[in-house]
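Chemist: One structure, as structure tokens, below. Some questions next.
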Amino acid sequence: MTVVDLKAINELAYKHLANRKSHLHREKGFIYYHGQRVANIVLELRQRLFPGDDSHDQVLTVAAYFHDIAKGIEPHSYYGSIIVKELLQDYCSEDELYTIAEIIKHHQFRDPNKNFSDLIRLIQDADTLDHFGTVEIWMNFNYYANNDGTMLDSVDYYSSEKFEEITATCRSLLNYDLSVQIFDEKLHFVKEFARRMKLEAQGKIVS
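Numbered as in our numbering, the sequence shown ends at 514 without a single skipped number.
The structure is reproduced here in structure tokens:
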């Protein structure tokens with residue numbers, strides 16, 4: 308599959324997503340920049356998991372750009388699969404549009420027991436992975452800053468039962484061992500960062 312003009316499609320994504328604020332506690336344009344990161348992550352996963360097949364890379368990229376196009380209208384994956392067909396009808400072939408819409412339609416509902424295609428599973432994992440590591444810290448800071456929280460409130464979240472439950476659930480729904488390895492590295496980094504942040508938030512010196 309060959310998407311006609313990936314640059315033009317990226318510009319279209321920017322036009323529709325970069326100025327949107329789809330979540331009260333996230334910055335304007337989060338879904339655009341999230342889509343850009345997911346596009347990079349999904350290609351990295353594909354290259355490492357399926358190094359001999361780049362035939363769907365552009366379709367994966369476009370699906371990543373627009374996977375949250377309907378964020379805020381739930382289920383956003385279902386509505387996104389409808390919107391993207393209209394939005395991209397002049398940019399992609401019918402086959403490409405169908406594949407992109409199917410990826411978007413199923414990206415939200417992660418279930419390792421379902422027989423999803425590798426294209427869908429790659430996007431699912433890339434989407435999950437982008438919500439952890441440094442991006443997760445950024446979202447955490449935004450949330451507490453917008454809710455009059457303190458540094459200690461923010462860092463205490465990382466030792467809460469809620470954080471443990473969320474990370475355990477997200478980890479269990481990843482589709483590939485490689486994704487789990489990347490997730491675990493991100494989680495290790497966040498916990499080490501939180502340990503230091505807690506000390507320094509109390510004015511302690513880390514030696």
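Backbone N, C-alpha and C fix where the C-beta goes; we use that ideal spot for every residue, glycine too.
Could you check how far apart the C-beta atoms of GLY336 and ASN326 are, in whole angstroms? I think they sit under 8 Å.
Modeler: Contact holds; Cβ gap of about 6 Å.
Chemist: Should the region 388-400 be regarded as contacting the region 448-462, the criterion being three or more beta carbon pairs within less than 8 Å?
Modeler: Taking 8 Å as the limit for Cβ pairs, the verdict is that the region 448-462 does not touch the region 388-400.
Chemist: Under a three-way DSSP split, which group does CYS399 fall into?
Modeler: Of the three classes helix, strand and coil, the one that applies to CYS399 here is coil, per DSSP.
Chemist: Between the beta-carbon of ILE430 and the beta-carbon of ALA377, is there less than 9 Å?
Modeler: Not closer than 9 Å, so no.
Chemist: Please look up how many angstroms separate the CB atoms of ARG344 and ASP437, rounded, as I've assumed it's under 8 Å.
Modeler: Indeed they touch by this definition, with Cβ atoms about 5 Å apart.
Chemist: Less than 9 Å between the beta carbons of LEU494 and ASP432, yes or no?
Modeler: No, these two residues do not count as a Cβ contact at 9 Å.
Chemist: For HIS363, which of TYR339, TYR483, TYR405 and LEU485 has the nearest alpha-carbon?
Modeler: Of the listed residues, the one whose Cα sits closest to HIS363 is TYR405.
Chemist: Pick out whichever of ARG355, VAL366, TYR483 and ARG417 has its Cα sitting closest to the Cα of SER384.
Modeler: The candidate whose alpha carbon is nearest that of SER384 is ARG417.
Chemist: Tell me whether LEU506 is buried or exposed, calling it buried when 16 or more other Cβ atoms sit within 10 Å of its Cβ.
Modeler: The residue is exposed, with fewer than 16 neighbouring Cβ atoms inside 10 Å.
Chemist: Take TYR386 and list the residues in its own chain whose beta-carbon comes closer than 6 Å to its own, dropping the five residues that flank it on each side.
Modeler: Cβ neighbours of TYR386 beyond the five flanking positions: ALA377 and ILE380.
Chemist: So for HIS414, helix, strand or coil by DSSP?
Modeler: Three-state result, HIS414: coil.
Chemist: Helix, strand or coil: which one does DSSP assign to ARG502?
Modeler: DSSP places ARG502 in helix when its eight states are reduced to three.
Chemist: Considering only the alpha carbon of each residue, which of ASP463, LEU356, GLU318 and VAL349 lies closest to LEU485?
Modeler: It is LEU356.
Chemist: Output the distance between the C-alpha atoms of GLU393 and ALA408, rounded to the nearest integer angstrom.
Modeler: If you take the alpha carbons of GLU393 and ALA408, they lie about 10 Å apart.
Chemist: For the alpha helix (DSSP H) containing ALA346, name the first residue and the last one.
Modeler: Run containing ALA346: 337-356, per the alpha helix (DSSP H) assignment.
Chemist: Comparing C-alpha positions only, which one of GLU318, LYS328 and VAL349 sits nearest to ILE338?
Modeler: Nearest option by C-alpha distance: LYS328.
Chemist: Assign PHE490 to one of two classes, buried (16 or more other C-beta atoms within 10 Å of its C-beta) or exposed (fewer than that).
Modeler: When all chains shown are included, PHE490 counts as buried.
Chemist: Give me, in chain order, the residues of the same chain whose beta-carbon lies closer than 8 Å to that of MET308; leave out the 5 immediate sequence neighbours on both sides.
Modeler: Unreliable positioning characterises MET308 in this predicted model, as indicated by a pLDDT of 49, which lies under 50. The coordinate reading is nonetheless provided below. Once the five neighbours on either side are set aside, the close Cβ partners of MET308 are SER362, HIS363, GLN365, VAL366, SER400, ASP402, GLU403 and THR406.
Chemist: For MET446, which of GLU318, ASN317 and HIS330 has the nearest alpha-carbon?
Modeler: Of GLU318, ASN317 and HIS330, the residue nearest in Cα terms is HIS330.
Chemist: Alpha carbon to alpha carbon, how far is PHE470 from ASP455? Give it in angstroms, no decimals.
Modeler: The straight-line gap from Cα to Cα measures roughly 20 Å.
Chemist: Mind listing, in chain order, the continuous alpha helix (DSSP H) runs of no fewer than 4 residues lying wholly within the region 459-510?
Modeler: Runs found: 468-479 and 484-508.
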